[in-house]
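A.B. asks: First the structure, which I've put down as structure tokens, then a few questions once you've had a look.
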Ligand code: SAH
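And the structure:
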């Protein structure tokens, strides 16, 4: 038995098979273990009871006691059932992941792709401390498996949104292999069409997704209908501009046939006027665009405010009146800092 320290989720299915074969395990062990982890939600080797005691000990020796590489350092639940977890990796950096449930019985995992974020959106808690590093494929997959494991039997995750901390198009190299496992029938078997990747709107990143012909949904964080307003809240916008982003989104639609969702957080006095709604309606292709209106979730350190529900309704009506398809997403998990980098910030390691 080699004394190596493997991380289970860093290995592709064939690499895992190869490591086990090289270490003298029978061929059927690899798929058997994967079933325990992905279908039976068992993460500790010692609990995989149809594996011989000797093999369980050998697996623990190779991979550690469980398949996880991080530690769970906080878990919170809000009144509406939203659960949030904070995971600490061996290098001491932390990420958060959220489990959201709704009345349609969707069980949605929201995961992070980076530690911190380089985008610096002015309204967002995730970027306040800047960018630290990309997450690995294993760290991304581990978040998904941990959220799935939080669900009581026999429930499983039904949806995934890549809307936690980080800009996913800048870490596709790790994200895509993790999503492949999350959606494969011998992984977590989440439907491809139930995975949404949200981007701040990097045209080159969107084009990369178009070229890869991914089976996933694309959401673009538009948040404003003119460049001056957008650059005020998303400084990165000055490099691209709304026109280039919309053109890239249109190419995604043309290639994949999947409608693009435009996220629009409503911030009081910034982007929530009737004129904003009109400009937004004029900007978008009414046939293919879907607008997801999200009342801003206040961040204690930041000055931005949520509009009244009356202003929110007026904005939505104006869009609908102009023929735009709109969804409204009300905030979940307020009581537990569930939005956007807030939990990570509330647990700061000592300086
Ligand atoms: N970087 C990607 C994905 C992570 S952010 C992106 O920008 O899309 C996921 C979504 O949450 C984005 O639409 C982001 O703008 C939004 N968001 C960030 N902070 C928020 C807050 N305080 N309230 C509401 N939405 C927020």
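Numbering (the working numbering), first residue to last: 886 to 1236. For every residue, glycine included, the Cβ atom is placed at its ideal position computed from N, Cα and C. Here the structure is a predicted model, which means the values were calculated and not measured.
#1: Which of helix, strand or coil does DSSP assign to residue 1025?
#2: According to the neighbour-count rule (16 or more other Cβ atoms, all chains shown, within 10 Å of its Cβ), is residue 976 buried or exposed?
#3: Can you tell which of 1004, 1009, 1030 and 1008 has the C-alpha that lies nearest to the C-alpha of residue 1018?
#4: Check whether the Cβ atoms of residue 997 and residue 1032 lie closer than 8 angstroms to each other.
#5: Can you give the Cα-Cα distance for residue 961 and residue 895, rounded to whole angstroms?
#6: Among 1124, 1097, 923 and 1072, whose alpha-carbon lies nearest the alpha-carbon of residue 1038?
#7: Would residue 1135 and residue 1170 qualify as a contact pair, given that the criterion is a beta-carbon distance under 8 angstroms?
#8: Please list the terminal residues of the continuous alpha helix (DSSP H) segment that includes residue 898.
#9: Measuring CB to CB, does residue 1034 end up less than 8 angstroms from residue 926?
#10: Does the Cβ of residue 892 have 16 or more other Cβ atoms within 10 Å, making it buried, or fewer, making it exposed?
#11: Quick check on residue 979: buried or exposed, where buried means 16 or more other Cβ atoms within 10 Å of its Cβ?
#12: Taking the C-alpha atoms as reference points, what is the distance between residue 1013 and residue 908?
#13: List the whole-angstrom C-beta distance separating residue 930 from residue 948, where the pair is believed to meet the contact cut-off of C-beta under 8 angstroms.
#14: Any beta carbon of chain B sitting closer than 8 angstroms to that of residue 1059?
#15: Does DSSP classify residue 887 as helix, strand or coil?
#16: Where residue 1152 and residue 1166 are concerned, what is the direct C-alpha to C-alpha distance, given to the nearest angstrom?
#17: Can you tell me whether residue 1159 is buried or exposed? The criterion is at least 16 other CB atoms within 10 Å of its CB, across all chains shown.
#18: Spatial neighbours of residue 966 within its chain, please: C-beta separation below 6 angstroms, excluding the five flanking residues on both sides.
#19: Using beta-carbon positions only, say whether residue 1238 and residue 1046 come within less than 8 angstroms of one another.
#20: Which residue or residues does DSSP assign as beta-bridge partners of residue 988?
#21: Could you check which residue in 984, 898, 932 and 937 has the C-alpha nearest to that of residue 911?
#22: What does a CB cutoff of less than 6 angstroms around residue 1110 pick up in its chain, not counting 5 residues either side in sequence?
#23: Evaluate residue 1089 with the Cβ neighbour count: other Cβ atoms within 10 Å of its Cβ, from every protein chain shown; 16 or more gives buried, anything less gives exposed.
#24: Between which two residues does the beta strand (DSSP E) harbouring residue 973 extend?
#25: Which residue marks the beginning of the alpha helix (DSSP H) containing residue 1118, and which one marks its end?
#26: Any chance the CB of residue 1137 is under 7 angstroms from a heavy atom of the ligand SAH?
#27: Of the residues 939, 1060, 1056 and 903, which one's Cα is nearest the Cα of residue 1016?
#28: Which residue's Cα is closest to the Cα of residue 1199: 1188, 1178 and 1182?
#29: Are there any heavy atoms of the ligand SAH lying less than 7 angstroms away from the beta-carbon of residue 1052, as far as the coordinates show?
C.D. replies: In brief:
#1: helix
#2: exposed
#3: 1004
#4: no
#5: 27 angstroms
#6: 923
#7: yes
#8: 898–907
#9: yes
#10: buried
#11: buried
#12: 45 angstroms
#13: 7 angstroms
#14: Looking at the structure shown, chain B is missing, and only one protein chain is on hand.
#15: Low local confidence applies: a pLDDT of 48 at residue 887 is under 50, so the model's placement there is unreliable, with the coordinate-based value given in what follows. Residue 887 falls in the coil class under three-state DSSP.
#16: 18 angstroms
#17: exposed
#18: 986
#19: In this structure the chain extends from 886 to 1236, so residue 1238 is not present and cannot be described.
#20: DSSP lists no partner for residue 988.
#21: 937
#22: 1161, 1164, 1165 and 1168
#23: exposed
#24: 968–973
#25: 1112–1118
#26: no
#27: 1056
#28: 1178
#29: yes
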